[in-house]
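Encoded as structure tokens, the structure appears first; notes follow it.
In the working numbering, the protein residues as written are 3 to 1272.
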């Protein structure tokens, strides 16, 4: 006993000494906190916006109609003196009338050609009505369905009439002839754009709309008349769309044109065609121009440069003007209208950009330009202030430049706007308030100087989520970034790849554009570049996977670009995201594309993907399974070679299912194996028929007897199947398409027997085991797949019965074709139905060589999946969803919550430490909680930090707040084996107790489930689940567990001969340790089990004068201690191999071991005989043994406090004893507190608080209580 006391003293001293080793809760890793556990496996739910115009249009013809009548003023216009005279910047009075008219016409054409040089231009100078008609009809005939522009200058004719008529001349120029807008619409057709530069131009716009409606009504009437007379209507069969025509008018219906002599007479036309020149002239005429002295109108006309040279003053001003007007329009107009006016037609876009300037300038002259469609007012937009600043800065350089004493310095406009955009990204990045600088950022992409910074900021903007990507696409990012793929600049590669990954994650319709421009080569080169970061190569891989998704041209282009070999080279990359997307990319490449599959076969791609099935990252394993599934499905015509490849793939996938703890991967396994079932449905139907032939058809396919029959399938001597070295008969059947199609159209029972070692039997058994998966989605998917085969078997049996009842005597070689009435309706299979539908003539000649029916191949190629998953679309979310950085933001809610929990936990541990010091001298007799349960509790666990206690009884568990007495959560578990039965809870563990807590629940059916309690919701949500042991048969304790927070390990055992260790970070089984006994393991502990609950003991492991970070142990270190029902206590050393890990066995107890705990080198155990033993793991014999409860009273349960050197024992004789480690009794609990002092029931379970000296117990009278130290 002295040795026990000394060892216990050493532990206490060790705890006190190690308080200097500073650790916090943040040093403990969190389990089940990845995105796959926190969200539904589904794609991002966003509404794809239409950014790509349905049809691009061009203005291919331009009619320039000038009615100037030089030298003669219109009769209804009174001009001021002096008056504006310039037309197209030409003074008509300085030359003869006809020469001036020709010069003005040619100048106007030149001004338009700057914006659309490829259009066909026709001038009509002082025309007659017939001239206009011929011109319009000719241009419409040549333009066909494209747009035609009609520019009308009516400065030499009267104002438009109130009936919507404009004026032209007679042939002798002695009269003004009215021209109806109705006739003009008829000649011009649609689509068209009209520009009216004349007084009272708004009248024309209003009349145009009236006549457009009249045209449409007349067309409808003609359609009705032609229908009644059964004759085709004259003219085009398309409904006229005059209402969709675009109109730009210089002023409203009651306004005259400006007559300022410093401005041109055609001010509206000048704004539309020479915006920079008129903007500078107008700016000089403003009062604010006095701030820039020595700038005259003559100097403005001499601004150096041209419109195409962005390095010159004139070119940069035009570039900035384009960015500013685009920005004003994008921030003011509805998105659909912006796309129509500013992105559909280059000439229309230029005219409307310049129209915004026209509104600003002409409003200053008391004119209001009119447009159709109408635009909101923009002349006071704040971006015009930026334009004024640009002009001021330019004018400041102009005198020196004209004198030749200085060169032009580029303006800081774009740099300043990028800075503003960067500020927005840092402070105001919200969907409700999009950045107004986005069109400017796109314009900056044209500049090599600022391109890198612009791409970087654009990438940051796209990080905000799908809405940001849609916004960038709507503003016109696509052609810019597509053209940049031709750049060889290496510094742009990571930025462009990131942007393209964002775009394709939202909209995959860009495939054709990228393949047409050979963009896939750009991303292939990046994937092969070892100098690129793993993140960039991952994004490039994602882009390539999008290019080959359901797109044959993309698949062929990528295959020719050696995508298979390039991807296979990346399978060993350290980055899990890259490994994941390389596998997905391969799966997408050969999905429904057999040519790429055989390319992969030549490179043994499927065998190289096997390595990823053991990858530590579940997402990578799921990607590998997905790729192997599409690899199987890629075969369009089955052959012996293809079957010999696919069968081992199926076996590999089936064998992996038993070691997989991730529901994500198991769903992909079922999704992949379904293609084997559909390809070899005859073989699997034979297996299913053999499985169920001993049971009535009325028996449910999900009941326990079928599971028992499945056990017979998996046994060599089961009687139904014989073990054979190989299965040539079935291989010949399934490997030959002719044999599959023609040889076995009779009863399935007539098929050759399948050996126990057959591939199909093993795959079928693996699938049947997943039918009982504890994760509902996995079980449902598997039942759908296996139900498909069982439905075919049942249908065939029904047909055989009908055949045998009709045909007497039966003919074994004659098949009965299925009629439409007999066709299965629950599940459809093109292959199987074709095989069942063979007629008798085919059966009589089946010895002859018959080719595969073409309909079979067609059905096989177009077959639909039985089940689908959203894994790939869910994986794509990482490239587009908003990055959640709240956890690291010290001002975020998550940060405050975590900091609050750390402070709370630290306070509770400090308080608990004080309680532990006086645990030996005080009594645990203060009742703080009492409640009744519906059933007698069988186990319970106190939460380490919050006042929560979880209690389980039979198949249910519930969580109480033992501070308030309220029940917060309750749930009844269903069995994984049968939906009609429930699973009795066999163990409970708190997971992530120091943070957001989860609950681990083990059940007698061999399952382990992870639940997340939801505040305010009575039912928890399922986070993860897996089958710890398949075909598990509970005998005494079911499944018991030990949770190690520090190593992220779940140790499972119980009524089995194994200790199975699961790495929950990888979600894989990584070791099976044989217990060495047939007895059940009844209790379990390990070196790090306590650390998962009490971080204080971790922080007190060794005193250190250095402030160093702790080193996290791996899951292959430490000890495991197990108590068994035969009374043995067994010690396992995880540093050894599983076969050699059993290092000690103490056979001291004579009854079942109820509790065991490992405290450094000390082991404490207690048995049902009332005996408590102490061991030193370095010695073979027990240190001390004591009987705390007499044998005849019986000990039912026991709990050992991990830090307070006390333990408690419960008895069926209605009392609980609390003892110190030296064996002395501290106190006994026999009655409940209260007036009547009722005696407690027989104790079923009890447990100490992980930190505090508090004891919870449940009794047979359906009560739970919590006592703490007095």
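All C-beta atoms, glycine included, are put in the ideal place defined by N, C-alpha and C.
In this text the structure is predicted, and so the values were computed from the model without any measurement.
In this structure, 942 is the residue among 1129, 942, 325 with its C-alpha nearest to the C-alpha of residue 958. Rounded to whole angstroms, the separation of the alpha carbons of residue 592 and residue 672 is 19 Å. Across the structure, residue 1036 and residue 1084 are spaced so that their CA atoms are roughly 12 Å apart. Nearest C-alpha to residue 678 among 1163, 763, 600: 763. Partner residues in the beta bridge of residue 1265, as assigned by DSSP, are 934, 1261. Scanning its chain for C-beta atoms nearer than 7 Å, with the 5 sequence neighbours on each side dropped, one finds no residue around residue 1019. The three-state secondary structure of residue 960, taken from DSSP, is strand. Within the same chain, and ignoring the five residues on either side of residue 651 in sequence, the residues whose Cβ sits closer than 7 Å to its Cβ are 608, 630, 633, 634. In the displayed model, residue 272 falls within a helix according to three-state DSSP.
The straight-line gap separating the alpha-carbon atoms of residue 1061 and residue 1225 is approximately 31 Å. Annotated as distal: residue 158 and residue 93, with beta-carbon spacing of 9 Å or more.
Within the stretch 52 to 79, complete beta strand (DSSP E) segments of at least 3 residues are found at 61 to 68, given in chain order. Nearest in C-alpha terms to residue 872, of all of 43, 772, 197, is 43.
Taking each of 459, 1158, 142, 1271 in turn and checking the Cα distance to residue 60, the smallest one comes out for 142. Annotated as distal: residue 332 and residue 362, with beta-carbon spacing of 9 Å or more.
Linking residue 28 to residue 1045 through their CA atoms gives a straight-line distance of about 18 Å.
In the assembly as shown, residue 552 is an exposed residue. Its beta-carbon has fewer than 16 other beta-carbons within 10 Å.
In this structure, residue 461 sits near residue 504, with a CB-CB distance shorter than 9 Å. Counted as a single uninterrupted DSSP element, the stretch harbouring residue 1179 is not any alpha helix (DSSP H), since DSSP gives it neither H nor E. When DSSP states are grouped into helix, strand and coil, residue 1196 belongs to the coil group. Looking at the DSSP output, residue 1219 bridges to 1211, 1230. Per the C-alpha coordinates, the member of 170, 310, 247, 261 positioned closest to residue 119 is 310.
Here the C-alpha atom of residue 1030 lies approximately 60 Å from the C-alpha atom of residue 450. Just measuring C-alpha positions, the residue of 161, 1201, 1077 sitting nearest residue 1057 is 1077. In this structure residue 1051 touches residue 1065 by the C-beta definition: roughly 6 Å separates them, less than 8 Å. Secondary structure of residue 569 (DSSP, three-state): helix.
Counting along the chain, the unbroken alpha helix (DSSP H) around residue 418 starts and ends at 415 to 429. In terms of Cβ geometry, residue 881 and residue 1268 do not form a close pair [threshold 9 Å]. Setting aside the 5 residues that flank it on each side, residue 383 is surrounded in the same chain by 330, 333, 334, each with a C-beta closer than 8 Å to its C-beta; the list follows chain order. Residue pairing by DSSP puts residue 1164 in a beta bridge opposite 1161, 1178. The beta-bridge partner set that DSSP reports for residue 180 consists of 169. For residue 972, the beta-bridge partners assigned by DSSP are 960. Annotation for residue 1075: the continuous beta strand (DSSP E) segment containing it runs 1070 to 1076. Cβ contact annotation for residue 172 (same chain, cutoff 7 Å, sequence separation greater than five): 130, 179, in chain order. The residues 931, 949, 951, 1268, in chain order, have a CB closer than 6 Å to that of residue 964 in the same chain once the five nearest residues on each side in sequence are set aside. DSSP, reduced to helix, strand and coil, places residue 688 within a helical segment of the structure shown.
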